[in-house]
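Worksheet for the structure shown next.
2 protein chains.
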Amino acid sequence: MTIKDVARAANVSVATVSRVINHLGNVDPETEKRVIETIERLNYFPNHSAKSLRTNSSNGIGIVISHDLDYFISFPYFVEFIHGMSAVLSDLDYHLVISTEKKGKTDSYLEIAAKGLADGLILFDVMDGDERIFALKKFGIPFVVIGRPNNVGTYEYVDTDNEKGGFIATEHLFEVGCKRILFINGPKGHAATRYRLSGYIRAHKEKGIEYDERLVRYVEKNSDRENGYILTQKALKDLSFDGIFVSGDFMATGAMAAIEEAGLRVGKDIPIVGFDDVPLSAMVNPSLTTVRQPINEVGKHAAMILIDMLNGKHVESKVLDVFLVRRNSTIRE
Amino acid sequence: MTIKDVARAANVSVATVSRVINHLGNVDPETEKRVIETIERLNYFPNHSAKSLRTNSSNGIGIVISHDLDYFISFPYFVEFIHGMSAVLSDLDYHLVISTEKKGKTDSYLEIAAKGLADGLILFDVMDGDERIFALKKFGIPFVVIGRPNNVGTYEYVDTDNEKGGFIATEHLFEVGCKRILFINGPKGHAATRYRLSGYIRAHKEKGIEYDERLVRYVEKNSDRENGYILTQKALKDLSFDGIFVSGDFMATGAMAAIEEAGLRVGKDIPIVGFDDVPLSAMVNPSLTTVRQPINEVGKHAAMILIDMLNGKHVESKVLDVFLVRRNSTIRE
DNA sequence: CCTCTTCATGTAATCGATTACATTATACTC
DNA sequence: GAGTATAATGTAATCGATTACATGAAGAGG
Numbered sequence: 526m527t528i529k530d531v532a533r534a535a536n537v538s539v540a541t542v543s544r545v546i547n548h549l550g551n552v553d554p555e556t557e558k559r560v561i562e563t564i565e566r567l568n569y570f571p572n573h574s575a576k577s578l579r580t581n582s583s584n585g586i587g588i589v590i591s592h593d594l595d596y597f598i599s600f601p602y603f604v605e606f607i608h609g610m611s612a613v614l615s616d617l618d619y620h621l622v623i624s625t626e627k628k629g630k631t632d633s634y635l636e637i638a639a640k641g642l643a644d645g646l647i648l649f650d651v652m653d654g655d656e657r658i659f660a661l662k663k664f665g666i667p668f669v670v671i672g673r674p675n676n677v678g679t680y681e682y683v684d685t686d687n688e689k690g691g692f693i694a695t696e697h698l699f700e701v702g703c704k705r706i707l708f709i710n711g712p713k714g715h716a717a718t719r720y721r722l723s724g725y726i727r728a729h730k731e732k733g734i735e736y737d738e739r740l741v742r743y744v745e746k747n748s749d750r751e752n753g754y755i756l757t758q759k760a761l762k763d764l765s766f767d768g769i770f771v772s773g774d775f776m777a778t779g780a781m782a783a784i785e786e787a788g789l790r791v792g793k794d795i796p797i798v799g800f801d802d803v804p805l806s807a808m809v810n811p812s813l814t815t816v817r818q819p820i821n822e823v824g825k826h827a828a829m830i831l832i833d834m835l836n837g838k839h840v841e842s843k844v845l846d847v848f849l850v851r852r853n854s855t856i857r858e
Numbered sequence: 526m527t528i529k530d531v532a533r534a535a536n537v538s539v540a541t542v543s544r545v546i547n548h549l550g551n552v553d554p555e556t557e558k559r560v561i562e563t564i565e566r567l568n569y570f571p572n573h574s575a576k577s578l579r580t581n582s583s584n585g586i587g588i589v590i591s592h593d594l595d596y597f598i599s600f601p602y603f604v605e606f607i608h609g610m611s612a613v614l615s616d617l618d619y620h621l622v623i624s625t626e627k628k629g630k631t632d633s634y635l636e637i638a639a640k641g642l643a644d645g646l647i648l649f650d651v652m653d654g655d656e657r658i659f660a661l662k663k664f665g666i667p668f669v670v671i672g673r674p675n676n677v678g679t680y681e682y683v684d685t686d687n688e689k690g691g692f693i694a695t696e697h698l699f700e701v702g703c704k705r706i707l708f709i710n711g712p713k714g715h716a717a718t719r720y721r722l723s724g725y726i727r728a729h730k731e732k733g734i735e736y737d738e739r740l741v742r743y744v745e746k747n748s749d750r751e752n753g754y755i756l757t758q759k760a761l762k763d764l765s766f767d768g769i770f771v772s773g774d775f776m777a778t779g780a781m782a783a784i785e786e787a788g789l790r791v792g793k794d795i796p797i798v799g800f801d802d803v804p805l806s807a808m809v810n811p812s813l814t815t816v817r818q819p820i821n822e823v824g825k826h827a828a829m830i831l832i833d834m835l836n837g838k839h840v841e842s843k844v845l846d847v848f849l850v851r852r853n854s855t856i857r858e
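What follows is the structure, encoded as structure tokens:
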């Protein structure tokens, strides 16, 4: 079933069919109607490869996922992100192309665009100094970064306001009476880790409390429950603190477990604030006060910005607001 | 950068370059070396659309996600599933194409294949009697179904052993002394719902306990915490039971909350078994005994079967084993 | 009634790969 | 050394769309 078949069946030329499909005008309403009917009757869909080849554009947006599952797990909202993107993409007749970084190969992200499988890329696991950004710019491949990594030159991005997140989490802990707040942060080298620390420090400044570097701990790699547990246990031995801000809800549940195991009560003795607001956070006991990020919106904006770039429009990076979800882990009563 | 540029630069014809790229042999080792070097020097990647157009195959596997987020949320392992698929796909040089069901349109799943964007589809939200299956067969589009819906003719599928899951969950509850087990099942019309019920019934038969239909409740639509809570509360009024099997861990946390609110203790008074083993399940208090499904493997097998189909190989549907993860929600002590 | 637009439509080149077929060179058989 | 198989390579058609350009008809203006 090709455009020729449709043309024949509708008794017009392929050019006319193409004009109808692409709404280019200059077609007699009568003819147009006949063509549309024929298209539907024959169940014709224009061949994507042919169109793509001819127009030199694929209408695909590429995502490359790293080979190890780690990052996936530490990005609990991946599905929500994809869904946010999808809504925009399908409205504009784009689709998502997902490729996986092959073992041993490191340039799948380039390949997907160079091949013409995607017109642009979304990068969502970029570390400070990531050299992929330079490669993409060198090859002139449009892309949008989720987050704001350092030392990678300039680029368009969509991020949540991690600085504010760090600030309101810390501020809230001050509000419920904490004085020395343990901060279990994400891995070094991530933009979010840096921004959340800034927020944490700013909250100290505004409160007039001196910032004690020793209270900030970084997870080695994965922000999972296990590491939250271990780091908290260690901190309990090392130093004194009266509240915890944990940069990730899975980690936070680990911290909660360590606190309770030490005979302390989460909330009453040690208030805890998490980050992310994963479904889990409402369900644990006590439920977890946490910072919620509009991940769905991140996906939406990333898609919109990228598509605007592809259409040569002026685009602006975006930082989306976050807010505190108050639950029981910070109630003293 | 096209195959012509490479041919010119390597001083051969496009045919020879193509032979090298596709490992078709009949190329002088000397020439081959020169061509490979040229390809790498020029950073050439064959145009996907051209190849796809000519060979009439896209190397894409399609997934269409429904427009509402509901299903997504009730499929907590979506990411794991995608990741399982991805590993296989990238090894075999396939990629994933994700499209979203457009508002008002209902044939995105057909379109994606008819356009030639994907060579085959994975369907993972098929209800009993879903008419998409018939359409796909009519158009000769290869596909693999996740799950085993009824009344949709024959098809290839990958599923987890939900019958066994229902059985071992129920059996375990009998083992810890339950006699009347409330079963909060998923929505009617889903294959998993049916199979889990069969397992539940079989466990009764083997134990010699009469199966009481009134103990089985179905959630209306979403297997979420809210509905688990509501159904359990209602059951507490309606009937007597001494254990609960909940067809989904999110729902199970709702059930746990309702039980505790009623002044009963989960485990000691009312043991509860869930299904899915989402990350949450290990973190709630008490931790949830549940049935674990190898979702990653489901993704892997779905990809393998579909690709085998595309290559005209003989394929066999697959049912993957499940197992019980024993935690504290079924400890009496 | 002749010229000039404008509209509706068609013809054919084109995008970048694959591949059937042709061609040449080389090696092998007897 | 003639005949033939085999290897290495090239030429050109092809996939299915888009689109520049050509064409003819109809309407406008004088």
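Protein sequences, first through last, are from chains A and B. Residue numbering for the first sequence follows the numbering used here, starting at 526 and increasing by one per position. Residue numbering for the second sequence follows the numbering used here, starting at 526 and increasing by one per position. Even for Gly, the Cβ is constructed at its ideal location relative to N, Cα and C.
- Secondary structure in the segment 743-792 of chain B: the alpha helix (DSSP H) runs of 4 residues or longer, each lying completely within the stretch, are 750-763 and 774-786 in chain order.
- Think of a sphere of 7 Å around the beta carbon of B/GLU636: the chain A residues whose beta carbon falls inside it are PHE570, in chain order.
- Scanning chain A for C-beta atoms nearer than 8 Å to the C-beta of B/ARG566 yields nothing, as the closest lies near 14 Å away.
- Secondary structure of B/PHE800 (DSSP, three-state): strand.
- Per the C-alpha coordinates, the member of B/LYS689, B/PHE668 and B/GLY753 positioned closest to B/TYR680 is B/PHE668.
- Between A/HIS620 and B/SER543, the C-beta spacing is not below 8 Å.
- In terms of beta-carbon proximity, B/HIS548 stays away from the interface with chain A, with every pair separated by 8 Å or more.
- When secondary structure is reduced to three states using DSSP, A/HIS697 falls in the helix class.
- Shown in chain order are the members of the segment 635-656 of chain A whose Cβ falls below 7 Å from a Cβ of chain B: GLU636, ALA639, LYS640, GLY641 and LEU642.
- Beta-carbon to beta-carbon, B/GLY768 and B/ILE709 are separated by about 12 Å, too far to satisfy the 8 Å threshold.
- In the DSSP annotation of this structure, A/HIS548 is not part of any beta strand (DSSP E), being labelled neither H nor E.
- Judged by their CB atoms, A/TYR736 and A/HIS729 are nearer to each other than the 8 Å cut-off.
- Sorting B/LEU646, B/VAL683 and B/LYS793 by C-alpha distance to the C-alpha of B/GLY702 places B/LYS793 at the top.
- DSSP links A/GLY587 through a beta bridge to A/VAL622 and A/LEU646.
- The C-beta distance from B/SER583 to B/GLY641 rounds to 5 Å, short enough to fall under 8 Å.
- Secondary structure of B/THR685 (DSSP, three-state): strand.
- Excluding sequence positions up to five before and after B/THR814, its CB lies within less than 6 Å of the CB of VAL798, ARG851, ARG852, SER854 and THR855, all in the same chain and listed in chain order.
- Below 8 Å, enough C-beta pairs join the segment 782-792 of chain B and the segment 746-760 of chain B to call them touching: three or more.
- At a beta-carbon threshold of 7 Å, the residues of chain A lying near B/SER615 are SER624, THR625 and LYS627, ordered along the chain.
- Beyond the five residues adjoining it in sequence on each side, B/ALA716 comes within less than 6 Å, by CB distance, of GLY672, ARG673 and PRO674 in the same chain, given in chain order.
- Residue pairing by DSSP places B/LEU845 opposite B/THR685 in a beta bridge.
- Closest by C-alpha distance to A/LEU617, out of A/HIS573, A/PHE699, A/ASP833 and A/VAL531, is A/ASP833.
- Rounded to the nearest whole angstrom, the CA to CA distance from B/GLY550 to B/ASN572 is 21 Å.
- The DSSP-derived three-state label of B/PHE606 is helix.
- Taking 9 Å as the Cβ-Cβ cut-off, the segment 796-828 of chain A approaches chain B at VAL803, PRO804, LEU805, ALA807, MET808, VAL809, ASN810 and ASN821, given in chain order.
- A Cβ-Cβ contact shorter than 8 Å links A/GLY711 with A/GLY773.
- About 5 Å separates the beta carbons of A/MET808 and B/THR778, which is inside the 8 Å limit, making them a contact pair.
- The residue from A/VAL651, A/LYS689, A/TYR569 and A/THR695 with its alpha-carbon nearest to that of A/TYR682 is A/VAL651.
- Residue pairing of B/ASN710 in beta bridges, as defined by DSSP: B/TYR743.
- Counting only residues of its own chain and dropping the five nearest sequence neighbours on each side, A/VAL791 has a CB closer than 6 Å to the CB of MET781, ILE784, ILE797, PRO811 and SER854.
- In the structure shown, A/VAL809 adopts coil according to DSSP, grouped into three states.
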